[in-house]
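2 protein chains.
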Amino acid sequence: MSLVLQQHIQKFAGIGESDINEIVSFFDKTELKKKQNLLTEGNICRHSYFVSKGLLRMFFVNDRGIEQTTQFALENWWMADYTSFQRQEPSEYYIQAVERTEVMAISYDKQEALLRQYPAMEKYFRVMHQRAHAAAQFRIKILYSLSREEMYHSFSSKYPGFVQRIPQYLLASFLGCTPEYLSEIRAKRKS
Amino acid sequence: MSLVLQQHIQKFAGIGESDINEIVSFFDKTELKKKQNLLTEGNICRHSYFVSKGLLRMFFVNDRGIEQTTQFALENWWMADYTSFQRQEPSEYYIQAVERTEVMAISYDKQEALLRQYPAMEKYFRVMHQRAHAAAQFRIKILYSLSREEMYHSFSSKYPGFVQRIPQYLLASFLGCTPEYLSEIRAKRKS
DNA sequence: CGGTCTCTTGACGGAGTTCAAAGCTAGTGG
DNA sequence: CCACTAGCTTTGAACTCCGTCAAGAGACCG
Chain R
1 MSLVLQQHIQ KFAGIGESDI NEIVSFFDKT ELKKKQNLLT EGNICRHSYF VSKGLLRMFF
61 VNDRGIEQTT QFALENWWMA DYTSFQRQEP SEYYIQAVER TEVMAISYDK QEALLRQYPA
121 MEKYFRVMHQ RAHAAAQFRI KILYSLSREE MYHSFSSKYP GFVQRIPQYL LASFLGCTPE
181 YLSEIRAKRK S
Chain B
192 MSLVLQQHIQ KFAGIGESDI NEIVSFFDKT ELKKKQNLLT EGNICRHSYF VSKGLLRMFF
252 VNDRGIEQTT QFALENWWMA DYTSFQRQEP SEYYIQAVER TEVMAISYDK QEALLRQYPA
312 MEKYFRVMHQ RAHAAAQFRI KILYSLSREE MYHSFSSKYP GFVQRIPQYL LASFLGCTPE
372 YLSEIRAKRK S
C-alpha cells in the first residue's frame, strides 16, 4: 500500500510526479500481525512509521506493571517516540499492532538523506509535526479537563466505530482507568 | 531582542548571513507586562510566538471556572494554540505573560509568505514542531503515570529555579491540582 | 496601616483503585 | 465442529487520593 503514502505526501507537499516514486523508495513496507511490536522498551526508536492500513498503539509500562496506552495511530497517521527518534536514545515505550497492520517505515538516517536530497519534503514533515503537535495539545487539554467518565462518553460519541474496533481493556488503558471502572461506567447508561 | 531569535534560527536551519536579517523582519517584536494577554478565549490565534525574554503560559478555563495551565514557554520556546493557528478558528485558550516578557510574533499569513520566499525555513519550523511534539508526548506520559504528589516532586527536582520563579497557585494550576492540595504536599516533607 | 491576594490547615465527600471472585467469549487443537 | 481453556468483562467491598468548602494567617502594595 505504498500508494496510500504517495497520495498523502502529494496532498501535503508540492511534489512533482517525477520525484514521487524515488521518494517512496526511501521507505520500507512492513506487515505486522496482531500484537507484533515495532518498538520495545529499552531500544532506540530508529524508525518513524506511517500507517497505510490497520492500527498501531503506543504504550509504556508504569511502575505497577500496568500498560498505559498514550496514543493510537490509524490509517494516514504517523507514529514514533520522537524523543528517542530525534536523539537516537533508548525509548521507554512500546509500539504495537492492535490488529493486522501495514506500515511504511523510514529510518532516521534515511530520513536525513531524503531531506538532503529532496528539501521539498521538509514541508511535508513540517506539516505532519505541526498537526501532530496540535493533536497532542488537544489530548493534553482533555487529560486536564475531563473525568474518566466524561472522557469515555466524549470519545465514544466522537469515534463510535473505533470503540467497537478495540477491546475494552485497551480503551481503559487509553482513558487512563482500570477495566473494572470502565465496566462500571458502561453499566450506568444501560438502565 | 531579535538577536535571540536570529541565533536560534541560525542554529537550527542552514541560513546564510545575507538572508537572516530579512527573515527576522517578518517578525514583530512585542513587549508584555505581567498578566497581559496575547490570546483570549474565543479569538483566533493569528500569531505564533517566540519567547526571547521572560515567561508565557497557556491556559483554559474549565467548566467550573478554574484556570488550567497546560504549558509554559521560557526563553527560546515557541507558543501558540496550533489547532486554532493552523485552521484559523476561534481558540479555547488564553496565552498570558507570567512576568515581564518579550516575544517575537509572526502571523499566519506572514509565515506562509516567509516559507514561500525562504523555503529553507521549512526546516527550522519542522525541527521546532518535532521538538514540541516530542515534548508534548513526554507531558502526556507524565500525566498518565504520575500522581499529583509525584509530579510535584519530579518537577521541582528537575526545575528547582523555575518553581521559585512562579507563584504557588500557578504551579498547582499546571500540576492539575488545587492550591490547597499542593500546600498539603509541600507540608509533608518539612517534618 | 488597611485591603486584597496568596498560602495554609482541617473536616468531609466523591471519583476512581485494588483485590478477589465469578461469568462470559473467543480462539485453539483435537 | 465441538470442547476446553485462556483471557476478557463484570460485580462488589474496602480503601486512597484529591476536591470542596470554610476560615485563618501571612505577605505585598498603595
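Read top to bottom, the protein sequences are chains R and B. The numbering of the first sequence is my numbering, which starts it at 1 and goes up by one. The numbering of the second sequence is my numbering, which starts it at 192 and goes up by one. We put the beta carbon where it would ideally sit given N, CA and C, even for glycine.
Problem - C-beta contact flag for H238/B and A296/B at 8 Å - result: yes
Handout entry: F12/R and V163/R closer than 8 Å at C-beta
Key = no
Practice task
Quick one: which unbroken alpha helix (DSSP H) runs of 4-plus residues sit fully inside the stretch 44-104 of chain R? Chain order, please.
Solution key: 82-87
Problem - Same chain, Cβ closer than 7 Å to Y118/R, neighbours up to 5 away in sequence not counted - result: D19, I23
Problem - Inter-residue CB distance, G42/R and Y335/B (contact presumed, cutoff 8 Å) - result: Incorrect: roughly 19 Å between the Cβ atoms, too far for contact.
Exercise for the section: State yes or no: is the beta carbon of Y49/R nearer than 8 Å to at least one beta carbon in chain B? Expected result: no
Problem - Proximal chain R residues relative to K301/B, where beta-carbon distance stays under 7 Å - result: Going along chain R, no residue has its Cβ under 7 Å from K301/B, so there is no contact; the nearest lies around 16 Å.
Handout entry: For E340/B, the nearest candidate out of A363/B, Q279/B, A327/B (CA to CA)
Key = A363/B
Handout entry: Below-8 Å beta-carbon distance, I20/R vs any chain B residue
Key = no
Practice task
Note down, one range per segment and in chain order, each alpha helix (DSSP H) of at least 4 residues found wholly within the stretch 103-173 of chain R.
Solution key: 108-117, 121-145, 148-158, 160-165
Handout entry: Neighbour-count burial assignment, T101/R, 16 or more Cβ in a 10 Å radius
Key = buried
Problem - Alpha carbon of E122/R to alpha carbon of S183/R, nearest angstrom - result: 45 Å
Problem - DSSP beta-bridge partners of L230/B - result: I286/B
Exercise for the section: Determine which residues share a DSSP beta bridge with L223/B and list them. Expected result: T292/B
Exercise for the section: Please classify S243/B: is it buried, with 16 or more other beta-carbons within 10 angstroms of its beta-carbon, or exposed? Expected result: buried
Problem - Contacting positions in the stretch 142-164 of chain R - beta carbon closer than 8 Å to chain B - result: L143, Y144, S145
Exercise for the section: Over the uninterrupted alpha helix (DSSP H) stretch that includes F203/B, give me the two end residues. Expected result: 193-203
Exercise for the section: With a threshold of 16 other CB atoms inside 10 Å of the CB of E207/B, please say whether the residue is buried or exposed. Expected result: The residue asked about is misnamed: residue 207/B is Gly in this sequence, not Glu. G207/B should be labelled exposed.
Practice task
Could you have a look at I206/B and say whether DSSP puts it in helix, strand or coil?
Solution key: coil
Problem - For S216/B, the first and last residue of its enclosing alpha helix (DSSP H) - result: Counting along the chain, S216/B falls outside any alpha helix (DSSP H), and DSSP gives it neither H nor E.
Problem - Within 8 Å, strictly: CB atoms of Y299/B and M270/B - result: no
Problem - Euclidean distance between Cα positions of Y152/R and V294/B - result: 39 Å
Exercise for the section: Could you tell me which of I185/R, K188/R, T70/R sits nearest to N62/R, measuring between CA atoms? Expected result: T70/R
Handout entry: Proximal residues, the stretch 39-72 of chain R versus chain B, C-beta separation under 7 Å
Key = F60, N62, Q68, T70
Exercise for the section: Output yes if chain R places a C-beta closer than 8 Å to the C-beta of A325/B; else output no. Expected result: yes
Exercise for the section: Please report how far the alpha carbon of E283/B lies from the alpha carbon of R116/R, in whole angstroms. Expected result: 38 Å
Exercise for the section: Determine, using beta carbons only, whether R307/B comes closer than 8 Å to chain R. Expected result: no
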